[in-house]
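Structure first, commentary second.
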Amino acid sequence: MKFGKIFKKQMVPEWVEAYMDYNGLKRVLKEIRSYKHSKLTRAASRVSRQAEALHRSFSGLSFHPRHIEHAGDIEDQVIKVDTLQQDGSRKLYKTKFLKKSEEGGEIEVSFFNKLDENLNKVNKFYRDKLEEVLEEAALLDKQMDALIALRVKVQKPDADNLNLEKHPSDKVVVDISDSTMRTPGSANKDMVHGIERTNIPEEEATHIATDIVPVSHTDGNKEGAGNGEIQDLREILERVKMNDALDSPMSTLKGVFGDSNEPISKKGLKKAEEQLRLVFSEFYQKLRRLKEYSFMNLLAFSKIMKKYEKIASRNASRNYMKIVDNSLIGSSDEVNRLLERVEVTFVKHFSSGNRREGMKCLRPKVKRDRHRVTFFSGFFSGCSIALVVAVVFKIESRKIMDKDYGTEYMANIIPLYSLFGFIILHMLMYSANIYFWKRYRVNYTFIFGFKQGTELGYRDVFLISTGLAVLAFVCFLLNLQFDMDWRLRDHKTLPEVIPLGLVAIVLFILICPFNIIYRSSRLFFIRALIHCICAPLFEVTLPDFFLADHLTSQIQAIRSFELFICYYGLGEYLQRQNKCHSHGVYNAFYFVVAVIPYWLRFLQIM
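The numbers in the numbering used here rise by one with no breaks, and the one at position 36 of the sequence shown is 546.
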């Protein structure tokens, strides 16, 4: 695979515009190549005519040059790169092409101008992102201080010398309010200090406070450290803000009727640790993306300069790559150091020193497409098509529609199986959505909050839909077989309960607690569905209102589910007649269920 395709594939979708314009520079090089090629063609034709004339004049003579000048290993001075200062700290690079007077030099001047623009753009973006992650590192360091202080407060609630106050709420979200932001230059030192803290020991609280001495006390005065450190710990706890967000019905009721003097519990501390654990994981992924951004751009600059040397036959790569390597994107090592510190911090405080488990959380494995998923998707697709053909031939061979009860029979059975038809069609459309998201590099895993490595790909969704289609068509074919078989005419209720059995199988698979058939995705769906139904009692997230939007397009499927309740709940299946529309309550709910998805969506935006 060519580097241009690899470069495009490795781009972070949100940062595409900030990458080096590799294809644009290649277009300029193509102009240089076409100009060189036309120039060589003209020169070759002129030399061939001169050589022919000399051959006629001096036939039999030969000329052997004894000395040919060549460049050797010393590079010609083709370019000169000047460094300009902007805003006191930012550097801009301007390349002067020293062979401008040569024929075709204007094209090469435009190439280096575009190259400088890309280098300055990449350095500017990298500097902005570096400052951003350094500020986040400083904030994470403060949040780590607060979390350790909360551990002290939970494990040592009666520590008198800390003079700690009790805060309400069973749910704790670690947040620092009214805190001064540290300068980016000191952020890395703070993170270094943050990783040196040990876990909370079982000694006295004064010894615990000694382990979390702030940065300001590590470099200088050691006298009076006891009182100062305890004071710092108390100040950290005073800045901890409790978040009473409506996350569950139970927490909502506790927030209304609960005791305001309830201390922070271990459950609240665990919730805070889980949230900070997630923050560390996302921050680590951001650092890895920034490191990958730096590496890919450096590689792109190297590749494009090698192409320039090959096309223009000039030695300029070494001089320019020295400038690139000395620029911020090539010389900064802050990201690597932050990555190391985050790894050590996470392993020490969130995985009990187990580096293997900690790195599994920080670097989850990318989900790979499995061959058996592709195989069974194709297999079930073929089976579905074959079953459709079998159903059509069954109906035609038995002349069901020509018989008196055939129309009534189809009117009873088709609405029951239409539920699965709507679900299958919706899943196929969702599979197509995932395919195009992946094709156009939309990071849907991050957007919807799926756990990396457990998200469903388009092949997985297609497999589930085709598998459900096979089940539905098999059940429908069994219905036809049982109704037409004279040996089973005494068991008239047997074929009528087949659709109900299929619904029971689907619901059992959905709520099955065993780790089979995409358990994590099923739990994610059930949780999002519960959030939709109990919309006022939960904080609305993107997956919740995305599912609610999809429910508004599944009104017919919900009505089919209502038909199941009526048909089997009121015993209509015993008479094998669908008279649900003759019931006033059914007709009323037939319109009510069409409003429910929109009502739930309305409650989410309140």
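Using N, Cα and C, we set each Cβ at its ideal position, and we do this for glycine too.
Spatial neighbours of Lys513 within its chain, please: CB distance less than 6 Å, with the 5 preceding and 5 following residues excluded, ordered by chain position.
Position check: residue 513 holds Phe in this sequence, whereas Lys was assumed. Hits under 6 Å: Lys813.
Just verifying my parser: in three-state terms, what is the DSSP assignment at Gln595?
strand
Between Ala782, Lys817 and Thr593, which lies nearest to His859 when the distance is taken from Cα to Cα?
Ala782
Gly888: buried (16+ other C-beta within 10 angstroms of its C-beta) or exposed?
exposed
In terms of residue numbering, what span does the beta strand (DSSP E) encompassing Arg600 cover?
Arg600 to Phe607
With a CB to CB cut of under 7 Å and the five nearest residues on each side skipped, what residues in its chain are close to Leu808?
Val834, Ile839 and Gly840
Nearest by alpha-carbon distance to Phe635: which of Leu539, Lys536 and Tyr529 is it?
Tyr529
Identify, in the order they occur along the chain, each residue of the same chain with its Cβ nearer than 7 Å to the Cβ of Asp879, setting aside the five sequence neighbours on each side.
Gly967 and Arg969
Are there three or more Cβ pairs, one per stretch, closer than 8 Å when the stretch 793-804 is compared with the stretch 516-524?
yes
Report yes if the C-beta distance between Asn1097 and Asn922 is below 8 Å; otherwise report no.
no
Could you check the C-alpha separation between Asn864 and Val854 for me, to the nearest Å?
10 Å
Can you have a look at Met815 and say buried or exposed, based on whether 16 or more other CB atoms are within 10 angstroms of its CB?
buried
Going by Cα to Cα distance, which pick from Glu616, Gln587, Glu612 and Asn623 is closest to Lys604?
Asn623
Tell me, which residues are paired with Lys590 by DSSP?
Lys606
Residues in its own chain within less than 7 Å of Ala900 by CB, not counting five upstream and five downstream?
Leu987
Closer than 8 Å is the cut-off here; do at least three beta carbon pairs connect the stretch 1029-1041 with the stretch 1068-1075?
no
Which full runs of the alpha helix (DSSP H) of 4+ residues lie inside the stretch 943-1003, going along the chain?
954-958 and 968-994
Taking a contact to mean a Cβ-Cβ separation below 8 Å, would you say Ser862 touches Cys871 in this structure?
no
Residue from Ser620, Gly778 and Asn953 whose Cα sits closest to the Cα of Leu660:
Gly778
How big is the Cα-Cα spacing for Lys639 and Ser548?
45 Å
Could you compute how far the alpha carbon of Phe1112 sits from the alpha carbon of Ile1075?
26 Å
Give every residue of the same chain whose Cβ lies closer than 6 Å to the Cβ of Leu978, excluding the five residues on either side of it in the sequence, and list them in chain order.
Ile934
What did DSSP end up calling Tyr1096 once you bin it into helix, strand or coil?
helix
Cβ separation of Gly963 and Pro874, assumed to be a contact under 8 Å, to the nearest whole Å
5 Å
Could you give the distance in angstroms between the alpha-carbon of Arg637 and the alpha-carbon of Lys832?
19 Å
Exposed or buried, which one is Lys663 when buried takes at least 16 other CB atoms within 10 Å?
buried
Whole-angstrom distance between Cys1044 and Trp1109, CA atom to CA atom:
11 Å
Which of the three DSSP states is assigned to Asp655 in this structure?
helix
Tell me whether Glu646 sits in a helix, a strand or coil according to DSSP, three-state version.
helix
Whose C-beta lies closer than 8 Å to the C-beta of Glu541 among residues of the same chain, with five residues either side of it excluded?
Ile617
Three-state secondary structure (DSSP) of Asn825
coil
Runs of alpha helix (DSSP H) wholly within the stretch 998-1042 (minimum 4 residues, chain order)
1003-1006 and 1008-1021
Reference Ala810; option with closest CA among Val1102, Cys1090 and Lys536
Lys536
Expected contact under 8 Å - CB spacing of Phe1034 and Gln1114 to nearest Å
Not confirmed; about 18 Å, so no contact.
Mapping DSSP to helix, strand and coil, what is Glu524?
helix
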